[in-house]
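For our numbering, count along the sequence shown from 1 and bump the result up by 493.
As structure tokens, the structure follows; a few thoughts come after it.
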Amino acid sequence: MLQYFQQIINMLRQSDYEEFRDSINSLIEEYREKFSIPHIMGWKEYEKKYRSRLTGASRELRSLLLEASSNIREDEFGRPSIIHGVDRAQIILSKEIFHLSNRKAAYLMPLMGMDYEGGYKTIERIYSDEIVSMIMHNLFVLSVKNRGIAVSDACGDGTSIPSQIRITTDL
494 MLQYFQQIIN MLRQSDYEEF RDSINSLIEE YREKFSIPHI MGWKEYEKKY
544 RSRLTGASRE LRSLLLEASS NIREDEFGRP SIIHGVDRAQ IILSKEIFHL
594 SNRKAAYLMP LMGMDYEGGY KTIERIYSDE IVSMIMHNLF VLSVKNRGIA
644 VSDACGDGTS IPSQIRITTD L
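As structure tokens, this is what we get:
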């Protein structure tokens with residue numbers, strides 16, 4: 494057994510280790526340059542960038558949601574929903590963007606320009622709504638197309654949506 498460990502130790506020389514160490518540091522630096530998100534040190538710069546991204550996203554969000562829901566028809570059977578599909582999707586997105594609880598999201602619906610009254614259970618029911626999930630899927634597809642991505646190896650929710658995006662963009 495001792496001989497086995499001696500062979501393993503003898504396989505790796507100091508020069509091999511130093512060569513590996515030098516190359517791994519250069520690889521780490523190259524990776525950081527290509528893939529890392531720039532870290533903003535000052536809170537003023539962070540707030541400024543956050544504000545500009547948030548205002549840009551909020552300006553685009555409603556038009557993208559309307560475009561994403563344009564091909565979806567809601568069922569006319571059963572009890573009609575109080576909240577329109579686009580508004581339900583906007584509630585969920587706003588709730589996630591601002592890190593709100595279901596209760597706070599329900600309280601802030603009038604602030605978002607919605608004339609609906611509902612409690613936290615209304616918000617919870619939106620999560621299982623098929624119309625909202627279709628709108629979110631279409632919103633993801635639109636976002637990828639608007640960015641000019643033809644083939645993607647990522648997806649919005651881990652359900653292999655990119656294969657469908659590739660099929661639709663190849664047409």
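By construction, the Cβ of each residue, glycine as well, lies at the ideal position given by its N, Cα and C atoms.
These numbers were taken from a predicted model, which means no experiment stands behind them.
In this structure, S556 lies away from G578, with their beta-carbon atoms at least 8 Å apart. Counting along the chain, N564 sits inside no alpha helix (DSSP H), nor does DSSP assign it H or E at all. A contact is defined here as three or more CB-CB pairs under 8 Å, and the stretch 589-599 meets this definition with respect to the stretch 607-621.
Note that the C-beta distance between M607 and S587 is not below 8 Å. Separation of V634 and E512 (C-alpha to C-alpha, rounded to the nearest whole angstrom) is 45 Å. With contacts defined as CB atoms closer than 8 Å, R581 and I619 qualify as a contacting pair. The C-alpha of L547 lies about 36 Å from the C-alpha of E569. When the beta-carbon positions are compared, I584 and M602 come within less than 8 Å of each other. Looking only at I590, D515, G571, P573, the smallest Cα-Cα distance to R544 is reached by I590. The Cβ-Cβ distance between M629 and I565 does not fall below 8 Å. Between L632 and L558, the C-beta gap is smaller than 8 Å, which places the two residues in contact. About 6 Å separates the CB atoms of E567 and I624; that is less than 8 Å, so the two are in contact. Secondary structure at F591: coil, using DSSP grouped into helix, strand and coil. Under the three-state reduction of DSSP, G549 is assigned to helix.
Within the same chain, no Cβ atom closer than 7 Å to the Cβ of H592 is found once the five residues on either side in sequence are excluded.
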